[in-house]
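Notes follow once the structure below has been shown.
Number of protein chains: 2
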Amino acid sequence: MIITSRDNPNVKRIAKLTKRSEAKKEGLIYLEGTRLCEEALSSGQKTEEVIVTEDKISWAKEFTPGTEPLVLSKDVFSKISQTVNPQGVAIVIEEPGLASDIPAKDDGKDIYAVLENIQDPGNLGTIIRMADAFGLTAVIISPSTCDPFNDKVIRATMGSVWHIPVVRKTMDECFDFFARSKTETLAMHLKGTELGTGELKLPCAFFIGNEGDGLTEETSSRCSKLVKIPMKGKAESLNAAVAASVIGYELSKLL
Amino acid sequence: MIITSRDNPNVKRIAKLTKRSEAKKEGLIYLEGTRLCEEALSSGQKTEEVIVTEDKISWAKEFTPGTEPLVLSKDVFSKISQTVNPQGVAIVIEEPGLASDIPAKDDGKDIYAVLENIQDPGNLGTIIRMADAFGLTAVIISPSTCDPFNDKVIRATMGSVWHIPVVRKTMDECFDFFARSKTETLAMHLKGTELGTGELKLPCAFFIGNEGDGLTEETSSRCSKLVKIPMKGKAESLNAAVAASVIGYELSKLL
Numbered sequence: 000m001i002i003t004s005r006d007n008p009n010v011k012r013i014a015k016l017t018k019r020s021e022a023k024k025e026g027l028i029y030l031e032g033t034r035l036c037e038e039a040l041s042s043g044q045k046t047e048e049v050i051v052t053e054d055k056i057s058w059a060k061e062f063t064p065g066t067e068p069l070v071l072s073k074d075v076f077s078k079i080s081q082t083v084n085p086q087g088v089a090i091v092i093e094e095p096g097l098a099s100d101i102p103a104k105d106d107g108k109d110i111y112a113v114l115e116n117i118q119d120p121g122n123l124g125t126i127i128r129m130a131d132a133f134g135l136t137a138v139i140i141s142p143s144t145c146d147p148f149n150d151k152v153i154r155a156t157m158g159s160v161w162h163i164p165v166v167r168k169t170m171d172e173c174f175d176f177f178a179r180s181k182t183e184t185l186a187m188h189l190k191g192t193e194l195g196t197g198e199l200k201l202p203c204a205f206f207i208g209n210e211g212d213g214l215t216e217e218t219s220s221r222c223s224k225l226v227k228i229p230m231k232g233k234a235e236s237l238n239a240a241v242a243a244s245v246i247g248y249e250l251s252k253l254l
Numbered sequence: 000m001i002i003t004s005r006d007n008p009n010v011k012r013i014a015k016l017t018k019r020s021e022a023k024k025e026g027l028i029y030l031e032g033t034r035l036c037e038e039a040l041s042s043g044q045k046t047e048e049v050i051v052t053e054d055k056i057s058w059a060k061e062f063t064p065g066t067e068p069l070v071l072s073k074d075v076f077s078k079i080s081q082t083v084n085p086q087g088v089a090i091v092i093e094e095p096g097l098a099s100d101i102p103a104k105d106d107g108k109d110i111y112a113v114l115e116n117i118q119d120p121g122n123l124g125t126i127i128r129m130a131d132a133f134g135l136t137a138v139i140i141s142p143s144t145c146d147p148f149n150d151k152v153i154r155a156t157m158g159s160v161w162h163i164p165v166v167r168k169t170m171d172e173c174f175d176f177f178a179r180s181k182t183e184t185l186a187m188h189l190k191g192t193e194l195g196t197g198e199l200k201l202p203c204a205f206f207i208g209n210e211g212d213g214l215t216e217e218t219s220s221r222c223s224k225l226v227k228i229p230m231k232g233k234a235e236s237l238n239a240a241v242a243a244s245v246i247g248y249e250l251s252k253l254l
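Residue numbers (numbering that gives the first Met the number 0), protein chains in the order written: chain L, 0 to 254; chain H, 0 to 254.
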């Protein structure tokens, strides 16, 4: 049966869940578009609801064989859609929850990106993607860092948000863990000494601060070293995701 | 005199110029907010118009002493403003024009980022900022790459768009110049060989392709080498600005 009314209770419910704040309250994520949906499905996320237009029923059969899809008319789908050119494919999945413990490898070759108050979803997503590409153990985000299941973050991760552990921890919890695991802690700081790659060793956690303000004084002072990426040009600083990527890349050479 | 009407011809003209497509036709750029305006002014961009609210007249006196500002009521300013919380400060400057020739240093230690069809303004801005930080000679953009004077690009460059040469050239013009200047040409390509830093030499141009499609076959095949950034993790690719930053950083070690 194709739903043709915006007033259908199922449609009303999905429309509500397209708002991130509403979905979050229920521990759910609304995803739209074939790429985003297929990335989540192929990584085994639990599907709560599948929403397609009539011409995408075959997509639902292929990618979500166990779930009866909600079939909407193109008109109704476009009304709830969050995109300019709706592809007629959306899913609601359970929020996987942020890994509760900071993971560690058996061989001690751990690299952690610790993000304190990163606010730009594109930066957070790009860092999660980079961390997955360079083989980092986890991305740790402070309580004030933006929601990793925000639509823009998920898009920017290109699927990596489903693959690499993302852990939300206070700075206290981080420093406790790193002290116990004898993990070196590097504050990325414009007043730091220039990164000499010979000095790097694992396990290592590097701390990246807010886009405008950098790391807090407190966090910087608790790290074992303040380092900066050598910049031979004129600009005084780098985008947060770029800084994270360069140090992440250098550390990945030790894996 | 404080302008209190949206129908004032000067206000109408500024409102029109807030649309990038309209400003571009006249070779102008509309910038808003203290940071963005001050970055452009301190780099010596030619000011066509200064627009402030009454409480920001002192700002205009300090930063644009030679130009009589257009003073608007807060209400009128907020109507033309492109931001959620207007700061009451805007300028219209002349578009500096893209450097017409590809520049080169006397010592031959040139690094060029060549961008083929980069579409995301955040990526383009982040690459321009990185290039300025790492001391690259220029950023070269293909005819299809997005407008570097787009508001989002300018914001992401954090002022670097006014400092490092950005040159728009066809791929033919690039390869002609690089052949003449004996510049190595590296295609950043997922099928390339892993970047061995020992192999890098200057002058060098690295080519980065479109976010979704990568470099065109034609451009890749014209480069002297296809290289990829070693990724020891699971994600198969990197964000375009991250890939550009890692190779830019490695090359900057040779400066």
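Ideal placement from N, C-alpha and C gives every residue a C-beta, glycine not left out.
Residue i classed as buried or exposed, judged by whether at least 16 other C-beta atoms fall within 10 angstroms
| i | result |
| --- | --- |
| H:Asn9 | exposed |
| L:Asp105 | exposed |
| L:Pro102 | exposed |
| L:Glu93 | exposed |
| H:Val83 | exposed |
| H:Asp175 | exposed |
| L:Glu115 | buried |
| H:Arg179 | exposed |
| H:Thr66 | exposed |
| H:Ile139 | buried |
| H:Met129 | buried |
| L:Asp171 | exposed |
| H:Ile1 | exposed |
| H:Thr144 | buried |
| H:Asp131 | buried |
| H:Gly232 | buried |
| L:Gly32 | buried |
| H:Ile48 | Reading off the sequence shown, one finds Glu at residue 48 of chain H, where the question assumed Ile. H:Glu48 comes out buried. |
| L:Lys24 | exposed |
| H:Asp100 | exposed |
| L:Thr125 | buried |
| L:Lys168 | buried |
| H:Gly211 | exposed |
| H:Glu38 | buried |
Host beta strand (DSSP E) of residue i (start-end)
| i | result |
| --- | --- |
| H:Cys222 | Per DSSP, H:Cys222 belongs to no beta strand (DSSP E) and is neither H nor E. |
| H:Glu93 | Val88 to Glu93 |
| H:Val165 | Val165 to Arg167 |
Per-residue DSSP class, three states only, for residue i
| i | result |
| --- | --- |
| L:Leu250 | helix |
| L:Glu172 | helix |
| H:Gly197 | helix |
| H:Val339 | Residue 339 of chain H lies beyond the residue range present for chain H, which begins at 0 and ends at 254; the question has no answer from this structure. |
| H:Glu210 | coil |
| H:Ala234 | coil |
* Which full runs of the alpha helix (DSSP H) of 4+ residues lie inside the stretch 7-79 of chain H, going along the chain? -> At a cut-off of 4 residues, the continuous stretches assigned as alpha helix (DSSP H) that sit fully inside the stretch 7-79 of chain H are 8-16, 19-24, 33-41, 56-62 and 73-79.
* Which residue spans inside the stretch 96-163 of chain L form an unbroken beta strand (DSSP E) run of at least 3? -> Taken in chain order, the complete beta strand (DSSP E) segments of 3 residues or longer contained in the stretch 96-163 of chain L are 110-114 and 137-140.
* Do the stretch 115-133 of chain L and the stretch 174-187 of chain L meet, that is, are 3 or more Cβ pairs less than 8 Å apart? -> Result no; under three Cβ-Cβ pairs closer than 8 Å.
* Asked: Does the stretch 225-239 of chain H touch the stretch 187-199 of chain H, meaning 3 or more C-beta pairs lie closer than 8 Å?
  -> Because the criterion of three Cβ pairs below 8 Å is met, the stretch 187-199 of chain H and the stretch 225-239 of chain H touch.
* To do: Could you tell me whether the stretch 48-57 of chain H touches the stretch 71-78 of chain H, using the rule of 3 or more Cβ pairs below 8 Å?
  => Yes: the two stretches touch, three or more of their Cβ pairs being nearer than 8 Å.
* Could you tell me whether the stretch 142-162 of chain H touches the stretch 245-253 of chain L, where touching means 3 or more Cβ pairs closer than 8 Å? => These segments do not touch.
* **Under 8 Å (Cβ pairs) to chain C, residues found in the stretch 101-131 of chain L** => Absent from the structure is chain C; the protein chains it does hold are L and H.
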